[in-house]
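First up is the structure itself, then whatever we jot down about it.
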Amino acid sequence: MLKPAHFLFLSNPTVMLQFHKLKLSKNTMSTEILLTIKLNQALFADPKRIALLNEIKQCGSINQAAKNCQISYKSAWDHLSLMNEISPKPLFERTAGGKNGGGTVLTRYAERLLQLYALLEETQQRAFDILQDEHIPLDNSLFATAKFALKSSARNQFFGTVETLYSQENKCNVLVKLAEFPQYLTACITVQSAERLALERGKPVMLMIKAPWLKLHSKQPKGENVFQVKVISVVDKEKNQDIALDWAGITCFASGSREQLWQQGQEVWITIDPEQIVLLTI
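Mapping of the sequence shown onto UniProt numbering: residues 1 to 282, in sequence order.
Structure (structure tokens):
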């Protein structure tokens, strides 16, 4: 078993991710990642305190929540008092009297804290999962974030850095050097979009291209974004063909007409319209 590793992200509030248990075996690896949130260096939230808040949300009673968490009432109250003392906004309200003798209700801020904590737990687990894929670069926040957080209907997704930009009328042509292989793609977006994305030389970007936007040719055509690829597989659909392509070792996808007889292993050419490339950045 590996010793616990602590990762501290300096911000305010300070968020610390703790890899509490890491068990390794030949075939499987189980992980337990414990998230701790500090405010001004003081402990604000951890798994035990979040569990206590969740129990209060469910039963409306600190006493019952403490029993459900298998801690004493005093311990539960101490945790809540310390949290409430450093919290930017109140976390709970006490209600007296009434049919059930009063109780404790979480504030809207506390409920949002629970939602945020659950989101952070999910995100950090996905982030840890990408460690297993050596094809995902971890030296770039855009590449890593897109891999574990972004889902899109566009199957062709590439990463790269801006090489050059030049404007023509209201259009901005962006030459991108792809990260996966030594190729360049030209994307055409509006000047306003380029300004909104704050594009500049060296900035990491993600390119998304839907399969129908890759056009196949049996002979080399003229124009921008022309590349030679090899057909990996062809699947007949009702109206078209779903074609997997090997592009310099990277698999990409195109949709072709059933009238054209593309075959596995065939060397073909693809063209990509610069205006049909979607650019993303953070």
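Cβ atoms here follow ideal geometry from the backbone N, Cα and C, with glycine treated the same way.
Beta-carbon proximity of residue i to residue j, cut-off 7 angstroms
i    : j    : result
A66  : A76  : yes
L197 : T281 : yes
N170 : T190 : yes
G202 : T161 : yes
F128 : I86  : no
L245 : V226 : no
K215 : T271 : yes
E224 : P274 : yes
G256 : I243 : yes
M208 : A248 : no
L53  : L120 : no
Q241 : V234 : yes
A205 : L279 : It should be noted that the sequence gives Val, not Ala, for residue 205. In this structure, L279 lies closer than 7 angstroms to V205 by Cβ.
I33  : Q157 : no
Q192 : W269 : no
A110 : L91  : yes
G103 : S72  : no
E195 : I250 : no
R49  : H79  : yes
E55  : N63  : no
Backbone secondary structure at residue i - three-state DSSP
i    : result
K222 : coil
D129 : helix
I270 : strand
A154 : coil
S233 : strand
A179 : coil
Q168 : strand
L91  : coil
I62  : helix
T123 : helix
Q276 : helix
T163 : Per the sequence shown, residue 163 should be read as Glu rather than Thr. Strand, per DSSP.
E134 : coil
S11  : Reliability of the predicted coordinates at S11 is poor, the pLDDT of 44 falling under 50, and no value is obtained from them.
K23  : In this prediction, K23 has a pLDDT of 42, which is less than 50 and means its spatial position is unreliable; what the coordinates show is noted afterwards. K23 falls in the strand class under three-state DSSP.
K99  : Here the model assigns K99 a pLDDT of 45, short of 50, so the residue's position is not dependable, and the following value carries that caveat. Coil.
I282 : coil
Boundaries (first-last residue) of the alpha helix (DSSP H) holding residue i
i    : result
W77  : Y73 to I86
E55  : P47 to C59
Q241 : From DSSP, Q241 is part of no alpha helix (DSSP H) but of the beta strand (DSSP E) over N240 to W247.
N40  : From DSSP, N40 is part of no alpha helix (DSSP H); its letter is neither H nor E.
Residue i, enclosing beta strand (DSSP E) - first and last residue
i           : result
residue 337 : Here the chain covers residues 1 to 282 and nothing more, so residue 337 does not appear.
G265        : Segment: none, G265 is in no beta strand (DSSP E) and carries neither H nor E.
T104        : G103 to L106
Minimum Cβ-Cβ distance from residue i to chain B less than 7 angstroms
i   : result
I71 : In the displayed structure, chain B is absent; only one protein chain is listed.
Which residue spans inside the region 185-230 form an unbroken beta strand (DSSP E) run of at least 3? 204-209 and 214-217
Segment contact flag, the region 173-182 with the region 256-265, C-beta cutoff 8 angstroms, min 3 pairs: no
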